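From first to last, the protein sequence lines are chains W and F.
For the first sequence, our numbering puts the final residue at 464, and the numbers step up evenly by one.
For the second sequence, our numbering puts the final residue at 464, and the numbers step up evenly by one.
Cβ atoms here follow ideal geometry from the backbone N, Cα and C, with glycine treated the same way.
Computed from a predicted model, the values in this text were never measured in an experiment.
Comments concern the structure below.
There are 2 protein chains.
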Amino acid sequence: MLSISNRGHLMPPSPIRKLVPFAEAAKKRGIKVHHLNIGQPDIETPPQILAAVRNSNFKILEYSHSAGNESYRKKLADYYSRVGIYVTAEQIIVTTGGSEAIIFAMMACMDAGDEVIIPEPFYANYNAFAIEAGVIVRPITASIENGFALPPMVELEKAITSRTKAILICSPNNPTGYLYSKEEMELLKQIIVKHKLFLFSDEAYREFCYEGTHTSAMHLKGADDNVIIMDTISKRYSACGGRIGALVTKNQEVLNAVLKFAQARLSPPGFAQILAEAAVDLPANYFDATKAEYKKRRDILIQRLNAIPGVFCPNPGGAFYAVAKLPVPDAELFCQWLLESFNYNGQTLMLAPASGFYSTLGLGKQEVRLAYVLNTDDINAAMDCLENALETYNQ
Amino acid sequence: MLSISNRGHLMPPSPIRKLVPFAEAAKKRGIKVHHLNIGQPDIETPPQILAAVRNSNFKILEYSHSAGNESYRKKLADYYSRVGIYVTAEQIIVTTGGSEAIIFAMMACMDAGDEVIIPEPFYANYNAFAIEAGVIVRPITASIENGFALPPMVELEKAITSRTKAILICSPNNPTGYLYSKEEMELLKQIIVKHKLFLFSDEAYREFCYEGTHTSAMHLKGADDNVIIMDTISKRYSACGGRIGALVTKNQEVLNAVLKFAQARLSPPGFAQILAEAAVDLPANYFDATKAEYKKRRDILIQRLNAIPGVFCPNPGGAFYAVAKLPVPDAELFCQWLLESFNYNGQTLMLAPASGFYSTLGLGKQEVRLAYVLNTDDINAAMDCLENALETYNQ
């Protein structure tokens, strides 16, 4: 029968995409739209790593090794050692973006019907990858009142069934910006060791920590076989379009299986591997300026948000996102209204309704995600809009 | 339980990979190995398309549209119109290599347990993608005696069950080089229309036809909703490492579903989209030289093969592969012996045992795949080796 698959039906559309036509229509009406809805950094890609690609002089754009160029994997092992992650080049498989590392981890470790526990709200595409892999997501809810901290151990253990194979975390978190403490990571370790579970650790935002330091899942002692890191250069070097990520684990059986998935798709992108290799040689202080810039933006954003009557936004420890609770009954309708019916001095803002980041139906209805990927002037202008909009909307 | 998935176990390792350590050992012993085993063309990537990337001047390597840059998709529609395929930019989704087009087609059109019919021998990674998607491959066998022509309609119809959703073809074919005639394509159309099946058409080698012309699945009239083309720039422009392909269909429901899979992985590689866009502007005669070169190689290879006593190789109409039957009981053992125990004037050759390209166990045991991606001198030297080797092996 000529019809698409059930999973084709089930695949969630991007939670932001629905609002795009409204943003486009607003722009056509001459309104300036401040995009706080997407995680595309405005920070420039370091010119020296773009130059590495532009100055390359190979003559044939050949397949690379399926696990990625060996020269790049060796350098990447150096990079990891600088953040206290001690792995060899053989324990790294270069992937096509962090996205592919996630799908490889699910495919290699889980069968259809197996369950993965994920604290919600979470990166919406985890749902999409789970549908591709036939894997069932069991959410445990982190609450905005607790600043999106790890839910209590007892909640976590209640969610474990005979089909549970893994816990998936992202720290610092997209969408909340929450940074797991060393203590929370140790609690997670106890659970994965006790219940023999994999820990899939999405560390895309490792470099962006503003309160305290980053605890990698690879810093946990005695859980080498449990931990799989899913990484990407996208945010680290403002190189989202390159599509270079990595899956890192010390579990040899997992490495062997993932390599077969990697071989099937032949190789990760060639040009961007050159860029990524050059990135490892960036000066040690490269992140300082970027981090300082993001921290400044975060401070303004959070201060401005919490100064608006009825708005609550916990202070995120890392990444460049925050989830705020708004004094509106339905944030999605409000976001649409912002684009369709509102402007303040010819400006408005686009936000991501947070319900798309929850797996439990009905949660996050009053919440929005804000990405602080704009300069501070634009953030201030966007907050002026939001302040004024909420006043008008609630009149 | 901390163990990999069943599909992780089931994923087939690359059929060529097993022999790699033997090739490496031979090289360490100082023996020159002629690589006829892999489809990595030695033809240079057109310098002007590499220059398009090297002369680019953007400052942020941003995510592209999930379906690929609009400017590229528009150009690609032009390219397709030049080969008689009339589609709009909206009917094209740019993928990360042809590999991703295959997995997207399977994921969007088929559920776990659904069946796809594939004439064997076939590209080994179809098996891998089927395992990822939980899809069952039903092979129908094309025989070397018939030059690997499409098996009779009656065989095809016998393979159709209530779970059959698609037929997957590749023309010109990897591994056989067989080019389906217009008549064979029309027969396929009758079947897909009659049984309401998708036709997944892998047209990676469209430009490489030496006998007759290419009939695209999109040339078939009255099957617009059935046909999904899976394409790639890898072979067309010797740009395998770029990882740019495309899924093309006029079926709007399929396009909507595939777009959701594309959105989940964010975007195809950025640099290589620039290269691919520039490739559409290559002079019309670009393929002439490449095609003439491959045809010359094919002619020498096939003539030399069939001149060896006991060897039979049908003349392939396209691509740059051939499958030959050798006078040996087990081609895999022979291939290993070539690397491990043989040399002729300090040279030997590496071939791909064809059993890895069959889904039916036990088939293709005497066959090997040869990729004519070497210059004619090297092909002649490799054939000298093969001739001598078979004489020695069968003494």
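Handout entry: Min CB distance Phe267/W to chain F below 8 Å
Key = yes
Practice task
Hey, could you find the ends of the alpha helix (DSSP H) Glu362/W is sitting in?
Solution key: Tyr355 to Ala376
Exercise for the section: Counting only runs of 3+ residues fully inside the region 228-265 of chain W, write out the beta strand (DSSP E) ranges in chain order. Expected result: Counting whole runs of 3 or more residues, the region 228-265 of chain W contains the beta strand (DSSP E) stretches 233-239.
Practice task
Measuring only between beta-carbons, confirm whether Gln321/W sits less than 8 Å from chain F.
Solution key: Not one chain F Cβ lies under 8 Å of Gln321/W.
Practice task
Helix, strand or coil for Gly339/W, going by three-state DSSP, please let me know.
Solution key: If DSSP states are grouped into helix, strand and coil, Gly339/W belongs with the helices.
Handout entry: Neighbour-count burial assignment, Asn126/W, 16 or more Cβ in a 10 Å radius
Key = exposed
Practice task
Name, in chain order, the residues that DSSP records as bridge partners for His103/W.
Solution key: Partner residues in the beta bridge of His103/W, as assigned by DSSP, are Leu418/W.
Exercise for the section: Determine the direct distance from the alpha carbon of Gln342/W to that of Tyr306/W, and round the result to whole angstroms. Expected result: When rounded, the separation of the alpha-carbon atoms in Tyr306/W and Gln342/W is 13 Å.
Handout entry: Any C-beta of chain W under 8 Å from that of Arg366/F
Key = no
Problem - Candidates Arg76/W, Leu105/W and Ser72/W, of which the one nearest Val437/W by Cα - result: Leu105/W
Exercise for the section: Reducing DSSP to helix, strand and coil, say where Ser140/F ends up. Expected result: For Ser140/F, the three-state secondary structure derived from DSSP is helix.
Exercise for the section: Please check the pair Ile377/F and Ile448/F, which I expect to be a contact at CB under 8 Å, by giving their CB distance rounded to whole angstroms. Expected result: In fact, because the Cβ distance is near 13 Å, the residues do not count as touching under 8 Å.
Practice task
Taking only beta-carbon positions, decide if Ala353/W is within less than 8 Å of chain F.
Solution key: no
Handout entry: Straight-line gap, Val102/F to Ile238/W (C-alpha atoms, nearest Å)
Key = 47 Å
Practice task
Could you confirm whether any beta carbon from chain F is found closer than 8 Å to the beta carbon of Gly99/W?
Solution key: no
Handout entry: Contact list for Val206/F against chain W, beta-carbon separation under 7 Å
Key = The premise fails here: Val206/F is roughly 14 Å from chain W at the closest Cβ pair, so nothing lies under 7 Å.
Exercise for the section: Find the residues of chain W that neighbour Tyr132/F, judging by a C-beta separation of less than 7 Å, and give them in chain order. Expected result: Gln109, Cys309 and Gly310
Practice task
Over the uninterrupted beta strand (DSSP E) stretch that includes Arg438/F, give me the two end residues.
Solution key: Glu436 to Ala440
Handout entry: Option in Glu184/F, Leu408/F, Ala174/F and Gly153/F with minimal Cα separation from Thr230/F
Key = When C-alpha distances from Thr230/F are compared across Glu184/F, Leu408/F, Ala174/F and Gly153/F, the shortest belongs to Glu184/F.
Problem - Run of the alpha helix (DSSP H) containing Asp446/F, from where it starts to where it stops - result: Residues Thr445 to Tyr462.
Practice task
Please determine, among Glu201/F, Ala458/F and Lys143/F, the residue with the shortest C-alpha to C-alpha distance to Glu169/F.
Solution key: Glu201/F
Handout entry: For Ile161/W, the nearest candidate out of Ala218/W, Ala228/W and Tyr149/W (CA to CA)
Key = When C-alpha distances from Ile161/W are compared across Ala218/W, Ala228/W and Tyr149/W, the shortest belongs to Tyr149/W.
Problem - Minimum C-alpha distance to Glu346/F - residue among Ala358/F, Thr301/F and Ala361/F - result: It is Thr301/F.
Handout entry: Buried versus exposed call for Tyr249/F [16 or more other C-beta atoms within 10 Å across all chains shown]
Key = buried
Handout entry: chain W within 8 Å of Pro244/F, Cβ atoms only
Key = Residue contact check for Pro244/F against chain W: no CB pair falls below 8 Å.
Practice task
Would you be able to state if there are at least three C-beta pairs under 8 Å between the region 218-236 of chain W and the region 263-281 of chain W?
Solution key: Put simply, the region 263-281 of chain W touches the region 218-236 of chain W. At least three CB pairs are less than 8 Å apart.
Exercise for the section: Report the neighbours of Asp447/W on chain F: residues whose CB is nearer than 9 Å to its CB, in chain order. Expected result: Residues of chain F passing the Cβ test: none, with the nearest at roughly 16 Å.
Exercise for the section: Please compile the residues from chain F whose C-beta is within a distance smaller than 7 Å of the C-beta of Arg76/W. Expected result: Met176 and Asp180
Problem - CA nearest to the CA of Arg367/W, picked from Leu324/W, Tyr355/W, Asn354/W and Cys382/W - result: Cys382/W
Handout entry: Helix, strand or coil at Glu272/F according to DSSP, with G and I counted as helix
Key = Correct three-state label for Glu272/F: coil.
Problem - Neighbouring residues, chain W, relative to Pro338/F (Cβ below 8 Å) - result: Thr165, Gly310, Gly311, Arg312, Pro338, Phe340 and Ala341
Exercise for the section: Please decide whether Asn457/W counts as near chain F, where near means a Cβ-Cβ distance under 8 Å. Expected result: no
Handout entry: Gln416/W versus Arg98/W - alpha carbon distance
Key = 11 Å
Problem - Coarse secondary structure for Met176/W, derived from DSSP in three states - result: helix
Problem - At least 3 beta-carbon pairs within less than 8 Å: the region 398-412 of chain F vs the region 80-96 of chain F - result: Contact between the region 398-412 of chain F and the region 80-96 of chain F is present, with at least three C-beta pairs closer than 8 Å.
Exercise for the section: Would you decide whether Gln435/F is buried or exposed? Buried here means 16 or more other CB atoms lie within 10 Å of its CB. Expected result: buried
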